[in-house]
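Below is one structure, written out as structure tokens; comments come after it.
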Amino acid sequence: MINKIIEYSLRNKFLVIALFILIIGWGYWALTKTPIDAIPDIGENQQIIFVDWPGRSPKDIEDQVVYPLTINLMGIPGMKVIRSNSMFSFGMINIIFEEGIDFYWSRTRILERLNFAQKDLPEGVFPQLGPDATALGQVFWYTVENGYYCPDHPKLRYQEPGRCSEDGKELVRSDYNLGELRSTQDWYVRYQLNAAKGVSEVASVGGFVKQYQIDVDPNKLLAYHVNLHSMFNAVRNSNIDVGAKVIEKSGAEFIVRGLGFIKTVEDIEDIVIGSHEGVPVYVKNVAQVTLGPDFRRGALDKEGAEVTGGVILMRYGENPLRVIEAVKKKIMEITPGLPPGVQIVPFYDRTQLINRAIDNLKETLLEEIVVAVIIILLFLGHFRSSLIVSIVLPVGVLISFLVMYYLKIPSNIMSLGGIAIAIGVMVDAGIVMTENISRHVALSGENRLSTVLMASKEVGSAIFFAILIIVVAFIPVFSLRGQAGKLFSPLAFTKTFAMLGSAVLAITLVPVLCSIFLRGKMRLPEKNLLTRILMRLYEPVLRFS
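Next up, the structure:
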């Protein structure tokens, strides 16, 4: 079988070369499309449900919200485990699915059950399915900070003090508090960055969330004969715009609107909550209205100072490098719309970690090619022989990426490490085949097709099955399950793909390239000075053993 493949390849050289040129182009396309990350995602296949019920105790959350939801969510096809956690004003449900269950299919099934379970929940409680992201989805963090700007050119921003590049004036530092910066993050930055391609969610962190706070005086409520419930309903019902029809006047239509949305503290103070002895009672008569921060249970610290910022969550299955690039591009687009001096400053960017993993593979591949070329030049003294091996190595790597793309195996430290490990075997296969063909060509004195065919058949089967034996040794890795399987299976897969690719290349492309490039005078290895020295050193050891 192997000999027939070698013979067919040599008799159809241009067909083989054309096929591998196609594979090179196809593999390069797959290389650019394969998602690249730093480490493999070893987390569970899970979905998260969040439930807010402000002001309620963990006991109320558990009994009235989390428990009814958990009962309704049981029985979803493919579900393995369901866990819940109840806290003050907040509940969370984790649903873990079996491996192999499609990520978005499971979300669809959960949404169906949530719609059905809504009837069993208290009024005003709406469960929300978490973002379509995984634990490794946090690819980019940033802060919204005060910075420096030109007084006459507020769109020019600087991180360090100095002078304006336009007019030379002294730069002015912005002085927005954490509440104002958080408002900028919540109402401008977050929504704009959420529109970047591949972003699942932008979560705000740190700072203060502004809110209107009404501090009621119980004694004044009693004096004006107004209860707290009436006041609550009055404020809630006043925060609304009302639409009506139109009126016609002088041949023109005018839209009738009832404006009620609260915009200032004074709007709340002037809300009528009742009457006392025929006189309207306003909110300001019984309470003090202020604009203050919402209650919070955490903060964001940067270099000892409290800041506000956001976390970019990447959508499941996206390419982290492309998502981060889209986010950075979006930041550049929205920066002119920020308040004067305010800047978006990245402080976690996974790009560097990913690039180091890619550079490691590039360095390993380059080193292997250089070493292979030097070894062949030293022992064979023939440049075109070394060129053959240097061509085969990148082709084998591209074949690996081609298979990775269609099996949906992302590029990461483990998968790229498998390719790096396999490069040594890939080099060996090409060197053995090239050396044997060079030897026979040197003995025969000419590069006839029959000589190359005989030399290839002599070692072809041995090379192919030797690589298969190494591949078989990695079969137990594929039986790993759970987190160990997710961690090591990319390495085993890519190493297997690369070695199988090198085995195919050794019996197809390498003989064809040898028949084309091995021209002219060839020298036997025995006539090489370095080879003779090494053989004299090794021969006594071989005789002794």
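The numbering used here applies: residue 1019 is where the sequence shown begins, and numbers increase by one. For every residue, glycine included, the Cβ atom is placed at its ideal position computed from N, Cα and C.
Rounded Cβ spacing between residue i and residue j (contact assumed at less than 8 angstroms)
i: Gly1224; j: Ala1317; result: 6 angstroms
i: Phe1226; j: Pro1311; result: 3 angstroms
i: Ser1124; j: Ile1111; result: Not a contact, Cβ separation roughly 13 angstroms.
i: Ser1479; j: Ile1067; result: The Cβ separation is near 58 angstroms, so there is no contact.
i: Val1360; j: Val1162; result: 6 angstroms
i: Tyr1166; j: Arg1191; result: 5 angstroms
i: Thr1452; j: Val1528; result: 6 angstroms
i: Pro1430; j: Ile1057; result: Looking at the sequence itself, residue 1430 is Asn, so the reference to Pro does not match. Confirmed, about 5 angstroms.
i: Ile1054; j: Ile1376; result: 7 angstroms
i: Phe1492; j: Lys1513; result: 6 angstroms
i: Leu1040; j: Pro1086; result: 58 angstroms between Cβ atoms; not a contact.
i: Val1481; j: Val1450; result: The residue asked about is misnamed: residue 1481 is Ile in this sequence, not Val. Contact flag correct, Cβ pair sits at about 6 angstroms.
i: Ile1119; j: Asn1195; result: So it is not a contact: roughly 47 angstroms between Cβ atoms.
i: Gly1435; j: Leu1498; result: The pair is not a contact, with the Cβ atoms about 16 angstroms apart (cut-off 8 angstroms).
i: Ile1100; j: Ile1079; result: The pair is not a contact, with the Cβ atoms about 16 angstroms apart (cut-off 8 angstroms).
i: Gly1278; j: Ile1265; result: Actually they do not touch by this definition, with Cβ atoms about 20 angstroms apart.
i: Lys1263; j: Val1274; result: 6 angstroms
i: Thr1126; j: Pro1428; result: Contact flag wrong, Cβ pair sits at about 24 angstroms.
Proximity to residue i [Cα-Cα], best of the options
i: Lys1098; options: Ala1221, Gln1065, Lys1346, Ser1104; result: Gln1065
i: Asn1237; options: Asn1245, Asp1120, Tyr1230; result: Asn1245
i: Ser1404; options: Ile1431, Ala1447, Ile1376; result: Ala1447
i: Gln1203; options: Val1325, Lys1031, Gln1156, Gly1216; result: Val1325
i: Leu1416; options: Glu1080, Tyr1122, Ser1520; result: Ser1520
i: Ile1023; options: Met1472, Leu1548, Glu1557; result: Met1472
i: Asp1285; options: Leu1331, Ser1256, Ala1048; result: Ser1256
i: Ala1241; options: Trp1205, Tyr1206, Gly1292; result: Gly1292
i: Pro1412; options: Lys1346, Ala1438, Leu1425; result: Ala1438
i: Asp1582; options: Leu1049, His1171, Glu1295; result: Outside the modelled stretch of the chain, which goes from 1019 to 1563, sits residue 1582, for which no answer is possible.
i: Trp1047; options: Val1477, Leu1277, Tyr1424; result: Tyr1424
i: Val1297; options: Asp1259, Asp1319, Leu1049, His1243; result: His1243
i: Ala1214; options: Arg1554, Arg1340, Asn1454, Ser1456; result: Arg1340
i: Gly1335; options: Lys1173, Phe1032, Pro1149; result: Pro1149
i: Val1445; options: Ser1456, Glu1385, Phe1250; result: Glu1385
i: Phe1535; options: Val1489, Arg1402, Ile1427; result: Arg1402
i: Val1301; options: Tyr1160, Phe1250, Glu1321; result: Phe1250
i: Arg1457; options: Phe1397, Trp1159, Val1489, Met1432; result: Phe1397
i: Ser1248; options: Val1299, Lys1173, Met1432; result: Val1299
i: Leu1174; options: Thr1353, Ala1516, Tyr1556; result: Thr1353
Through-space distance from residue j to residue i, alpha-carbon basis
i: Ile1094; j: Leu1154; result: 25 angstroms
i: Asp1235; j: Arg1254; result: 19 angstroms
i: Ala1460; j: Tyr1026; result: 24 angstroms
i: Ala1151; j: Ser1218; result: 7 angstroms
i: Ile1387; j: Glu1381; result: 10 angstroms
i: Val1252; j: Gln1229; result: A small fix is needed here, since residue 1252 is Ala in this sequence, not Val. Distance between the alpha carbons of Ala1252 and Gln1229 is about 18 angstroms.
i: Glu1271; j: Val1307; result: 39 angstroms
i: Val1157; j: Gly1142; result: 34 angstroms
i: Arg1466; j: Ser1533; result: 8 angstroms
i: Tyr1209; j: Val1220; result: 8 angstroms
i: Met1350; j: Leu1028; result: 56 angstroms
i: Val1304; j: Leu1239; result: 6 angstroms
i: Ser1104; j: Arg1181; result: 54 angstroms
i: Gly1328; j: Gln1177; result: 19 angstroms
i: Gly1500; j: Ile1060; result: 8 angstroms
i: Gln1231; j: Val1283; result: 9 angstroms
i: Lys1187; j: Pro1169; result: 8 angstroms
i: Asn1009; j: Ser1183; result: The displayed coordinates of the chain run from 1019 to 1563. Any statement about residue 1009 would go beyond what the structure contains.
i: Leu1548; j: Ile1393; result: 11 angstroms
i: Leu1331; j: Asp1081; result: 31 angstroms
i: Leu1037; j: Gly1414; result: 14 angstroms
i: Asp1233; j: Val1345; result: 42 angstroms
i: Asp1070; j: Ser1107; result: 6 angstroms
i: Leu1147; j: Phe1115; result: 15 angstroms
i: Trp1205; j: Tyr1122; result: 29 angstroms
i: Asn1454; j: Glu1476; result: 8 angstroms
i: Ser1075; j: Val1084; result: 12 angstroms
i: Leu1518; j: Phe1511; result: 11 angstroms
i: Ile1551; j: Ser1474; result: 27 angstroms
i: Lys1137; j: Lys1077; result: 20 angstroms
i: Ser1222; j: Val1207; result: 10 angstroms
i: Glu1343; j: Thr1050; result: 15 angstroms
Segment contact flag, the stretch 1407 to 1418 with the stretch 1491 to 1508, C-beta cutoff 8 angstroms, min 3 pairs:
no
Contact between the stretch 1420 to 1427 and the stretch 1364 to 1375 (3+ Cβ pairs under 8 angstroms):
Short answer: they don't touch.
Does the stretch 1473 to 1489 touch the stretch 1515 to 1534, meaning 3 or more C-beta pairs lie closer than 8 angstroms?
yes
Is the stretch 1130 to 1139 touching the stretch 1085 to 1092 in the sense that three or more CB pairs, one from each, lie closer than 8 angstroms?
yes
Quick one: complete beta strand (DSSP E) runs, 3+ long, within the stretch 1099 to 1174?
1108 to 1115, 1156 to 1163
Quick check for students: name the residue ranges of the alpha helix (DSSP H) that lie wholly in the stretch 1488 to 1553, counting only runs of 4 or more.
1493 to 1496, 1500 to 1525, 1527 to 1535
Jot down the residue ranges of each uninterrupted beta strand (DSSP E) in the stretch 1415 to 1446, minimum 3 residues, whole runs only, in chain order.
none
Can you give, in chain order, each stretch of the alpha helix (DSSP H) that sits fully within the stretch 1335 to 1395 and has at least 4 residues?
Qualifying alpha helix (DSSP H) stretches, in chain order: 1338 to 1352.
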